[in-house]
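Those letters in the sequence shown? Residues 1 to 76, per my numbering, in order. Even glycine gets a Cβ: it sits at the ideal position worked out from N, Cα and C. Just so we're clear, the structure is a prediction, and the values are computed from it rather than from any experiment.
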Amino acid sequence: MEPLFYVMAIMGCGDGNINCTEARVIPARYETMAQCRAALPDQLAQNTDVPYPMIGANCRAQGRYMAKVGKPKSQG
Numbered sequence: 001m002e003p004l005f006y007v008m009a010i011m012g013c014g015d016g017n018i019n020c021t022e023a024r025v026i027p028a029r030y031e032t033m034a035q036c037r038a039a040l041p042d043q044l045a046q047n048t049d050v051p052y053p054m055i056g057a058n059c060r061a062q063g064r065y066m067a068k069v070g071k072p073k074s075q076g
């Protein structure tokens with residue numbers, strides 16, 4: 001089973017940040033959302049070749065979530 005990790009998608013947008021579409025997904029994997037967000041400025045600077053008037057980026061979870069089954073333990 002694949003663990004949960006975070007990836008960054010580079011988005012290409014029309015003028016005024018409308019009609020945004022995913023242009024590419026950065027191959028790096030981040031262990032936390034905070035690490036992914038911290039890398040946003042550098043990754044945007046490295047991906048200016050996207051053929052859109054405006055670009056942006058978005059971090060998102062990828063992988064599988066694990067759900068716990070059963071009753072929660074009482075804290076009493």
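Reduced DSSP category for residue i - H, G, I as helix; E, B as strand; rest coil
{"i": "residue 29", "result": "coil"}
{"i": "residue 64", "result": "coil"}
{"i": "residue 1", "result": "Residue placement at residue 1 is flagged as unreliable, the pLDDT there being 49, under the threshold of 50; the coordinate-derived value follows with that caveat. Coil, per DSSP."}
Run of the beta strand (DSSP E) containing residue i, from where it starts to where it stops
{"i": "residue 6", "result": "5-14"}
Residue j beta carbon less than 7 Å from that of residue i
{"i": "residue 56", "j": "residue 5", "result": "no"}
{"i": "residue 102", "j": "residue 25", "result": "Given a span of 1 to 76 for the chain in the structure shown, any question on residue 102 remains unanswerable."}
{"i": "residue 12", "j": "residue 28", "result": "no"}
Cut-off 7 Å between Cβ atoms - residues of its own chain near residue i, not counting five sequence neighbours on either side
{"i": "residue 16", "result": "none"}
{"i": "residue 37", "result": "59"}
{"i": "residue 1", "result": "Per-residue confidence for residue 1 stands at a pLDDT of 49, beneath the threshold of 50, marking its modelled position as unreliable; the derived number appears in the next sentence. Within the same chain, residue 1 has close Cβ partners 64."}
Sequence-distant residues of the same chain with beta carbon closer than 6 Å to residue i, five excluded per side
{"i": "residue 53", "result": "15"}
Residue i beta carbon near the ligand NAD (any heavy atom closer than 6 Å)
{"i": "residue 9", "result": "Of ligands this structure carries none, so the ligand NAD is not represented either."}
Chain-order list of residues whose beta-carbon lies under 8 Å from that of residue i (same chain, five-residue window excluded)
{"i": "residue 32", "result": "6"}
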